Amino acid sequence: MLEPWIFIALLLGAGMLLPGVTIVANWLLAPKKPNPIKQSIYECGIETVGETYIQLKGGYYIYALIFVVFDIEAVFMFPWAVAFDKLQLYMVMEGVIFILILAAGLAYAWRKGVLEWV
Amino acid sequence: MIPLSWYILVSAALFSIGIYGALARRNALAILMAIELMLNAVNLNLVAFWRYLTPNVVAGKVFVLVVFAVAASEVAVGLALIISIYRRRHTIAVEEIDMMKW
Amino acid sequence: MVAFLNDPFTWTGSLLRSWLEGLGLAPDLVTFLLQVVGAFVLGTTLLMLTFILIWAERKIVARIQDRLGPNRVGPYGVFQTVADLLKLVTKELITPTGADVIPYNLAPLLAVMAVVGVWAVIPLAPTLIGASINVGVLYIVAVGAIGTLGIMVAGMSSNNKYALLGAFRTVAMMVSYAVPMMIALLIPVLLSGSMDMETIVEAQSPIAFIILAPFAALIFFVSSLAEVGRAPFDLLEAESEIVAGFHIEYSGLKFGMFFVGEFLHAFTISALTATLFLGGWQGPWAELYPLLGLFYFIIKTSIVYFVVIWIRGSFPRIRIDHINNLNWKLITPLALASLIVAAIAEKVATEFGINRLGIHVGANAFLFMITLAAIRLNARGARSRVKANSVNKSVAASSGSSPGS
Amino acid sequence: MLTLTQIVFLVAAAITLLASFMVVTCRSMVHAALWLIMALAGVAVFFVLLNAGFLAVVQVAVYIDAIAIMIIVVVMLTRHSMGIQDRQTNKTWWAAVIAALLMFGGLVLMFTQAPLLGAEAPALTMGSEALLEELGLALVDVDRYIVPFEVASVLLLTALVGSIIVAWPGRKSQDLEDQS
């Protein structure tokens, strides 16, 4: 029962190892002559003003929030969709109600003007 | 084969670490993260008991799903509060948010 | 020999297995070793595939734009990518001052890992799939989104304002488009009654899901394009605005790995679209000759990939507020509506014994009309707003952008 | 002699506990969030070992993709509040240590009373596909978990609306804030 998961773990490991190996090869082959100007941030072009870790605006949080809510929704809907063949009509309607309740949340965010990008 | 007690030990340790984080940290965000750890410990326990004691009852999994929903809502509202407090008071250190204390 | 040509995958697997067991290894260990071999073969193949993908993309985009494209290194410039790689390999790896070293170096690996990991659950041929798990679809969502994490880590750790801005813009966009993508993914699951990719492919044996649920296919395709950050959603490298986006501070192959991840991701979403909506390896006689199944799969994937490149060659980059409006005000409601429509249509078809194909096509056509009417209404509103603004001679505030326009 | 699953378990446990320890002790919030992701991934490995593949994938999809990203976004939003030089713990952090140790001891003591501690996991009677289908059926069955199912959606709706009300200052004040 665990076999496919072992394969997934191995593939994820390979997905990290193979690029890792090539990067190490690059590191071995490449010249290494560090100097402060080369390593300065954004070495060519206009220097950025102010500190790096700027304050992001609140809109990003709202997007992440809506994503989280719909993510959980999808998580609840997936077993429902898997069992779809065996559901009776009223059970399907319950799922639809579930979707509609969350759609109301989206509609609220829309009305409130949260979704506009400034 | 892994005995049930291993899972319980790990989850108890995870929960205790979460308790420490929630009680000791000053940063409200860190407290939220510690609470996430505690919720994960609970989930781990639920799944472990489901697997070892009642593998044929679906209740354990439903409970875990509900915990996911609760965790997401809790983080969402908690982070919203943190943002709101930060906007007004410019701090997220819990010691300094003491308006309601008196 | 005939057995090999019919089904080379099982044949090679059993040959290797019998050889290893002949060496006296335990069956469990042999299985594990075969899995190791399989994982590394798959991973290496995918990474090698990037050479062809980059070359094909440059060539096709050049043709679309009436250019020649790479044509110096090798016949038709096929070795151009190899030359590029050799150049990248000899570049110095620069770590910017103030960078967060471990996350900084981990980010490109995460970006590649997320893409390669998706291929574990894609059935390449009737007898060839990495891991047949029963939660394949959700796995794709979960692992694919790790790429988002990689981008975010890259942006945060390189200590550069442009990188940070680019990363968070990208993350906002990816996170937004993940919503309709997941909802659209629910529809094939619902139609086939399983999250296992193999079952989904088998369920498309008479009719592919693109006919039953064209809206779901379109939404999945568009939103995964955005999820990958392909043109026209390539905000993450909007050179004119934020220089190069999150990978500005990366050099050498670390930068190259982001590139590999990006190209491979575009190919991956083509493969996913082909698997989930175009029937994957399904085709005449594919069940009998698995090699033929692989051939069909590659053909279908290539067609979708060609469309991806075509889109890249044809469309200008969309402005970020338009991207967000398009998602939240058109695609997400449409995805929710089409999920509800698909659920009701499927249930009605099975409960009352109505023709499944007919009711699905009819329901989607109905949905299409409603969408068209809504877009038209909205466009009329936007036009009248613009007209009113120009009559008032006031400078039209650009905030009145309309969805779907 | 350890079997493969036991080795995987021990490695995952070590990583999870180390990462969660780093979450609560790390000075930089960004690093704490990254460690949190690692701890959550470790828990996902446990779910796989417990034959709950669906929950493992959900763990990654919900926690790592959604919640962790939201936390990181808020870390960046409230970046100026506490630097890494600031004091990170309350003055009464020693009380927290005691509470945590007491909790651990109490939990272990309590769990020693639990049945079947050393038992092997019973074989699953259903295939994983059937388990998932069973879960889906149970969620919408009127006699079983329909209430939690619908309440979850209402809860999420409430969280969405509430968070928007709390965190969204309105378009006007947002503009003012950006200018200042």
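Chains as they are written, first to last, in the numbering used here: chain A, 198 to 315; chain B, 148 to 249; chain C, 621 to 1025; chain D, 11 to 190. Heads up, the beta-carbon is just placed ideally off N, CA and C, and yes, glycines get one too. Note that the coordinates shown come from a computational prediction; the quantities given were computed from them, not determined experimentally.
- Query: How long is the line joining the alpha carbons of SER1022/C and ILE951/C, rounded to whole angstroms?
  - Reply: Taking the first residue of the third sequence as position 1, residue 1022/C is located at position 402. Taking the first residue of the third sequence as position 1, residue 951/C is located at position 331. Here the model assigns SER1022/C a pLDDT of 45, short of 50, so the residue's position is not dependable, and the following value carries that caveat. Approximately 13 Å between the Cα atoms of the pair.
- Message: Which of the three DSSP states is assigned to ASN998/C in this structure?
- Response: Translated into the one-based positions of the third sequence, residue 998/C becomes position 378. ASN998/C sits in a helix when the DSSP states are folded into three classes.
- Using DSSP with H/G/I as helix, E/B as strand and the rest coil, what is ARG235/B? Position 88 of the second sequence, counted from the start, is the residue given in the question as residue 235/B. Three-state result, ARG235/B: helix.
- Sort PHE897/C, VAL681/C and GLY881/C by Cα distance to THR921/C and report the nearest one. Reading the third sequence from its first residue, position 301 is the one you call residue 921/C. Ranked by how close their Cα comes to the Cα of THR921/C, the residues PHE897/C, VAL681/C and GLY881/C have PHE897/C in first place.
- Counting contacts by CB-CB distance shorter than 9 Å, is ILE714/C in contact with chain A? Stepping through the third sequence from its first residue, residue 714/C is reached at position 94. Proximity of ILE714/C to chain A, defined by a Cβ-Cβ separation below 9 Å, is satisfied.
- Give, in chain order, every residue of the segment 23-50 of chain D whose Cβ lies closer than 7 Å to some Cβ of chain A. Of all residues in the segment 23-50 of chain D, none has a Cβ within less than 7 Å of some Cβ in chain A.
- Query: When the cut-off is 9 Å and only beta carbons count, does LEU117/D lie next to chain C?
  - Reply: Your numbering for residue 117/D matches position 107 in the fourth sequence. Among the CB atoms of chain C, none fall inside 9 Å of the CB of LEU117/D.
- Message: Taking only three categories from DSSP, how would you classify THR15/D?
- Response: Walking along the fourth sequence from the start, residue 15/D turns up at place 5. In this structure, THR15/D counts as helix in the three-state DSSP scheme.
- Proximity winner among GLY1001/C, ARG1005/C and ALA965/C, relative to PHE986/C (alpha-carbon distances): The residue given as residue 986/C occupies position 366 in the third sequence. Of GLY1001/C, ARG1005/C and ALA965/C, the smallest CA-CA separation from PHE986/C is found for ALA965/C.
- Apart from the five residues just before and just after VAL1015/C, which ones in its own chain have a Cβ nearer than 6 Å to its Cβ? Taking the third sequence and counting its residues from 1, one reaches residue 1015/C at position 395. Because the pLDDT at VAL1015/C is just 49, under 50, the model does not fix this residue reliably, and the value given afterwards should be weighed accordingly. In its chain, beyond the 5 residues on either side, no residue has a beta carbon closer than 6 Å to the beta carbon of VAL1015/C.
- Message: Checking 9 Å against the spacing of the C-beta atoms, do TRP948/C and TRP307/A come in under that value?
- Response: Numbered from 1 along the third sequence, position 328 holds the residue referred to as residue 948/C. Numbered from 1 along the first sequence, position 110 holds the residue referred to as residue 307/A. For TRP948/C and TRP307/A, yes; Cβs fall inside 9 Å.
- Task: Starting from MET815/C, trace the alpha helix (DSSP H) both ways and give me its first and last residue.
- Result: The residue given as residue 815/C occupies position 195 in the third sequence. Per DSSP, MET815/C belongs to no alpha helix (DSSP H) and is neither H nor E.
- Message: For TYR305/A, would you say it is in contact with chain D, using Cβ-to-Cβ distances shorter than 9 Å as the test?
- Response: Along the first sequence, one-based indexing puts residue 305/A at 108. TYR305/A counts as touching chain D.
- Message: Just to confirm, is the Cβ distance from GLN69/D to VAL83/D under 9 Å?
- Response: Counting from 1 along the fourth sequence, the entry for residue 69/D is found at position 59. Counting from 1 along the fourth sequence, the entry for residue 83/D is found at position 73. Cβ distance not < 9 Å, so GLN69/D and VAL83/D don't count as in contact.
- Reduced DSSP category for THR99/D - H, G, I as helix; E, B as strand; rest coil: On the fourth sequence, residue 99/D is found 89 positions in, with the first residue counted as 1. Assigned with DSSP and collapsed to three states, THR99/D falls in strand.
- Query: Quick one, which residues of the segment 134-153 of chain D are near chain C if we go by CB-CB under 9 Å, in chain order?
  - Reply: For the segment 134-153 of chain D, the beta-carbon criterion of a distance under 9 Å to any beta-carbon of chain C is satisfied by GLY137, SER138, GLU139, LEU141, LEU142 and GLU143.
- Message: Let me check understanding here. Comparing Cα to Cα, which of ALA774/C, GLY737/C and ALA682/C lies closest to LEU726/C?
- Response: Residue mapping note: residue 726/C aligns to position 106 of the third sequence, counting from 1. Checking every option, the nearest Cα to that of LEU726/C belongs to ALA774/C.
- Message: Check for me: the alpha helix (DSSP H) holding ASN223/A runs from which residue to which?
- Response: As a position in the first sequence, residue 223/A is number 26, starting the count at 1. From DSSP, the alpha helix (DSSP H) with ASN223/A extends over 200-226.
- Message: Rounded to whole angstroms, what is the Cα-Cα separation between PHE879/C and VAL157/D?
- Response: Position 259 of the third sequence, counting from 1, holds the residue named residue 879/C. Position 147 of the fourth sequence, counting from 1, holds the residue named residue 157/D. So the alpha carbons of these two residues sit roughly 47 Å apart.
- Pairwise C-alpha distance: ILE178/B and CYS36/D: Here residue 36/D corresponds to residue number 26 of the fourth sequence, with the count starting at 1. Here residue 178/B corresponds to residue number 31 of the second sequence, with the count starting at 1. Roughly 12 Å separates the two Cα atoms.
- In three-state DSSP terms, what is ARG172/B? The residue you call residue 172/B lines up with position 25 of the second sequence. Reduced to three states, the DSSP call for ARG172/B is strand.
- Message: Given a cut-off of 9 Å on the beta-carbon distance, is the pair SER38/D and LEU226/B in contact?
- Response: Walking along the fourth sequence from the start, residue 38/D turns up at place 28. Walking along the second sequence from the start, residue 226/B turns up at place 79. Cβ distance not < 9 Å, so SER38/D and LEU226/B don't count as in contact.
- Message: Do PRO834/C and PHE935/C have their beta-carbon atoms positioned less than 9 Å apart in this structure?
- Response: Mapped onto the third sequence, residue 935/C falls at position 315. Mapped onto the third sequence, residue 834/C falls at position 214. In this structure, PRO834/C does not lie closer than 9 Å to PHE935/C by Cβ.
- Select from TYR258/A, ILE298/A and LEU286/A the residue whose C-alpha is nearest the C-alpha of PRO796/C. Translated into the one-based positions of the third sequence, residue 796/C becomes position 176. It should be pointed out that residue 796/C corresponds to Ser in this sequence rather than to Pro. Among TYR258/A, ILE298/A and LEU286/A, the Cα nearest to that of SER796/C belongs to TYR258/A.
- Message: Looking at the secondary structure, which residues open and close the alpha helix (DSSP H) in which LYS229/A lies?
- Response: Position 32 of the first sequence holds residue 229/A. Element bounds for LYS229/A: n/a, residue is neither H nor E.
- Task: Please determine, among THR888/C, VAL927/C, ILE943/C and ALA963/C, the residue with the shortest C-alpha to C-alpha distance to THR670/C.
- Result: Counting from one through the third sequence, the residue named residue 670/C turns up at place 50. When the alpha-carbon of THR670/C is set against those of THR888/C, VAL927/C, ILE943/C and ALA963/C, the nearest one is in THR888/C.
- Message: If contacts are defined as beta-carbon pairs under 8 Å, then PRO910/C and LEU748/C qualify, I think. What distance do you get, rounded to the angstrom?
- Response: Mapped onto the third sequence, residue 910/C falls at position 290. Mapped onto the third sequence, residue 748/C falls at position 128. Rounded to the nearest angstrom, the Cβ distance from PRO910/C to LEU748/C is 7 Å, consistent with a contact under 8 Å.
- Message: What does the alpha-carbon distance come out to for the pair THR201/B and ALA195/B?
- Response: The residue you call residue 201/B lines up with position 54 of the second sequence. The residue you call residue 195/B lines up with position 48 of the second sequence. Taking the straight line from one Cα to the other gives about 10 Å.
- How about the segment 712-719 of chain C and the segment 727-745 of chain C: do they share at least three Cβ pairs that are nearer than 8 Å? The answer is no - the segment 727-745 of chain C does not touch the segment 712-719 of chain C, with fewer than three Cβ pairs under 8 Å.
- Message: Do LEU170/B and ALA29/D count as a contact pair if the criterion is CB distance below 9 Å?
- Response: Taking the first residue of the fourth sequence as position 1, residue 29/D is located at position 19. Taking the first residue of the second sequence as position 1, residue 170/B is located at position 23. No, the pair does not count as a contact, with Cβ atoms beyond the cut-off.
- ALA240/B bridges to which residues according to DSSP? Position 93 of the second sequence, counting from 1, holds the residue named residue 240/B. Answer by DSSP bridge pairing, in chain order: ASN174/B.
- Query: Which chain D residues sit within Cβ distance under 9 Å of VAL205/B?
  - Reply: For the purposes of this step, residue 205/B is identified with residue 58 of the second sequence, where counting begins at 1. What VAL205/B touches in chain D: LEU141, GLU144, LEU145, LEU147, ALA148, LEU149, ARG154 and TYR155.
- Task: Please classify LYS229/A: is it buried, with 16 or more other beta-carbons within 10 angstroms of its beta-carbon, or exposed?
- Result: Here residue 229/A is taken as the residue at index 32 of the first sequence, counted from 1. Classification for LYS229/A: exposed.
- With a 10 Å radius around its C-beta and 16 neighbouring C-beta atoms as the bar for buried, classify GLN885/C as buried or exposed. Position 265 of the third sequence holds residue 885/C. It should be pointed out that residue 885/C corresponds to His in this sequence rather than to Gln. Burial is judged here by how many other beta carbons sit within 10 angstroms of a residue's own beta carbon; HIS885/C has at least 16 and is buried.
- Stretch-stretch touch, CB-based, cutoff 8 Å, three pairs: the segment 913-929 of chain C with the segment 271-289 of chain A: No, because fewer than three Cβ pairs between the segment 913-929 of chain C and the segment 271-289 of chain A fall closer than 8 Å, the two stretches do not touch.
- Message: In the DSSP output, which residue or residues are listed as bridge partners for LEU748/C?
- Response: Stepping through the third sequence from its first residue, residue 748/C is reached at position 128. ALA745/C.
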